[in-house]
Amino acid sequence: MIAVPSRHRSLTLLGIVLTIQVLLLAVQIRRERQVRLIRVWAVELLSPIQRAGAWSIDLVKGGWGGYVALHHTRQQNLELQQEVDQLRLQNQQLQGRAAEADRLAHLLGFRQAHAEVPMLGAQVIGASPDPGSHILYLDRGSRDGVRRDMGVITPDGVVGKILAAYPDTSQVLVLNDKDSGVGALLANTRTQGPVKGTGEPLLEMEYVSSDEKITVGEAVLTSGQDRIFPKDLPVGNVVQAQPDAHSPFMMIRVRPAAQLDQLEEVLILLTRQDFNLSTGDQTPVPAAVAPSVGAPAAASGSGEAPATAPQ
29 MIAVPSRHRS LTLLGIVLTI QVLLLAVQIR RERQVRLIRV WAVELLSPIQ RAGAWSIDLV
89 KGGWGGYVAL HHTRQQNLEL QQEVDQLRLQ NQQLQGRAAE ADRLAHLLGF RQAHAEVPML
149 GAQVIGASPD PGSHILYLDR GSRDGVRRDM GVITPDGVVG KILAAYPDTS QVLVLNDKDS
209 GVGALLANTR TQGPVKGTGE PLLEMEYVSS DEKITVGEAV LTSGQDRIFP KDLPVGNVVQ
269 AQPDAHSPFM MIRVRPAAQL DQLEEVLILL TRQDFNLSTG DQTPVPAAVA PSVGAPAAAS
329 GSGEAPATAP Q
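This note's numbering puts the first residue of the sequence shown at 29, with every later residue one more than the last.
Listed below in structure tokens is the structure:
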């Protein structure tokens with residue numbers, strides 16, 4: 029036990045006696061509703077401790093509940109993000125199919141509007157990896173009647189010519205390749221001059237006299253003199269025309285009529301038969317019938333193999 033100095037023993041004893049008496053009085057004294065004073069003191073003394081304990085417990089429960097809820101929320105966010113990504117992918121696929129249906133409908137309309145010309149639908153399945161070469165690969169070959177130097181077009185205009193034909197595939201030398209060209213003429217004056225590829229998006233029209241009056245936007249058409257394309261198919265439009273200071277000819281830049289960098293489906297001309305352009309552009313047809321783009325024309329009589337539309 030703790031040793032208490034002798035001079036303080038009396039005070040200590042007195043304090044203990046007074047405390048005992050106060051406690052006895054507190055037990056005996058009753059307040060309102062017969063509640064003993066000792067109980068009131070005990071409640072008052074323990075209430076702060078209970079409140080602190082309850083607050084601590086609530087804080088811990090709230091933190092744990094928040095952690096659990098946050099964990100579930102994070103999981104839900106991940107699931108929702110995955111669902112959004114899937115919906116975006118599906119939306120892109122649907123947009124791609126809609127665009128394909130529009131292209132096939134456009135191709136079919138052109139095919140039906142010129143049913144007298146034997147044509148074969150083909151899908152672009154590849155391109156040359158060489159950036160300086162503009163060569164495409166088609167899913168049609170010699171078994172489908174494709175031969176070298178056949179013309180390749182879209183409803184918008186000239187694409188190029190068949191460079192090589194294999195049993196099931198073929199190569200197309202695109203119009204903007206440096207080694208490509210087409211016999212052409214100016215729509216307004218019917219002045220002829222070859223159009224050459226430059227390896228760039230724009231083409232060049234050569235050997236047109238500087239005395240010719242050429243307007244920007246003038247159409248350039250096939251002349252039929254190259255023995256590949258029939259006459260008057262769209263080649264492009266003039267975007268620049270100016271005299272060449274070093275020659276008696278004009279410097280003419282032509283923008284291709286066909287979207288040469290966005291080709292997915294094309295038409296192969298199986299003969300050089302001229303188009304009946306008096307009928308004008310094809311009328312739009314429902315996309316639902318687009319899969320029959322490559323079917324042979326009933327009036328062609330060419331004996332070509334049936335060509336289904338690219339899938």
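Beta carbons: idealized from backbone N, C-alpha and C, even for Gly.
- Linking Thr-226 to Arg-255 through their CA atoms gives a straight-line distance of about 22 Å.
- Contact annotation: Val-223 and Val-210 have beta-carbon atoms nearer than 7 Å.
- Just so you know, the alpha carbons of Gln-199 and Leu-98 end up roughly 59 Å apart.
- Separation of the CB atoms of Arg-171 and Asp-196 is rounded to 6 Å, and the pair is thereby assigned contact status at 8 Å.
- For the pair Leu-230 and Arg-281, the CB atoms are nearer than the 7 Å cut-off.
- In this structure, the straight-line span from the alpha carbon of Gly-149 to that of Arg-283 is close to 24 Å.
- Two segments are said to touch when three or more pairs of C-beta atoms, one from each, lie closer than 8 Å; by this definition the stretch 123-131 does not touch the stretch 156-167.
- Under the criterion of beta carbons closer than 8 Å, Pro-258 and Gln-301 qualify as touching, at roughly 6 Å.
- In the three-state reduction of the DSSP assignment, Leu-203 falls in the coil class, being assigned neither a helical nor a strand state.
- Per the DSSP secondary-structure output, Ser-198 pairs in a beta bridge with Leu-166 and Ala-193.
- Within the DSSP bridge table, the entry for Lys-224 names Gly-209 and Glu-232 as partners.
- No Cβ-Cβ contact shorter than 7 Å links Pro-146 with Thr-250.
- By alpha-carbon distance to Asp-158, the top candidate from Lys-206, Ala-143, Gln-287 and Ser-237 is Lys-206.
- If you draw a 10 Å sphere on the C-beta of Pro-271, you find fewer than 16 other C-beta atoms in it, and that means exposed.
- In this structure, the CA atom of Leu-297 is about 5 Å from the CA atom of Gly-179.
- Considering only Asn-204, Gly-160, His-274 and Thr-47, the residue with the shortest C-alpha distance to Tyr-235 is His-274.
- Taking C-beta atoms as the reference points, Leu-291 and Val-186 fail to come closer than 7 Å.
- Distance from the CA of Pro-262 to the CA of Ala-192, rounded to the nearest whole angstrom, comes to 24 Å.
- Distance from Gly-245 to Asn-216 at the Cβ level is roughly 10 Å; contact not present, criterion being Cβ atoms closer than 8 Å.
- The continuous beta strand (DSSP E) containing Val-263 extends over residues 262-271.
- Boundaries of the beta strand (DSSP E) around Gly-154: 147-155.
- The beta carbons of Ser-238 and Met-278 sit closer together than 7 Å.
- In the same chain as Met-233, and ignoring 5 residues on each side of it, the C-beta atoms closer than 7 Å to its own belong to Ala-212, Gly-221, Val-223, Val-248, Ile-280 and Val-282, in chain order.
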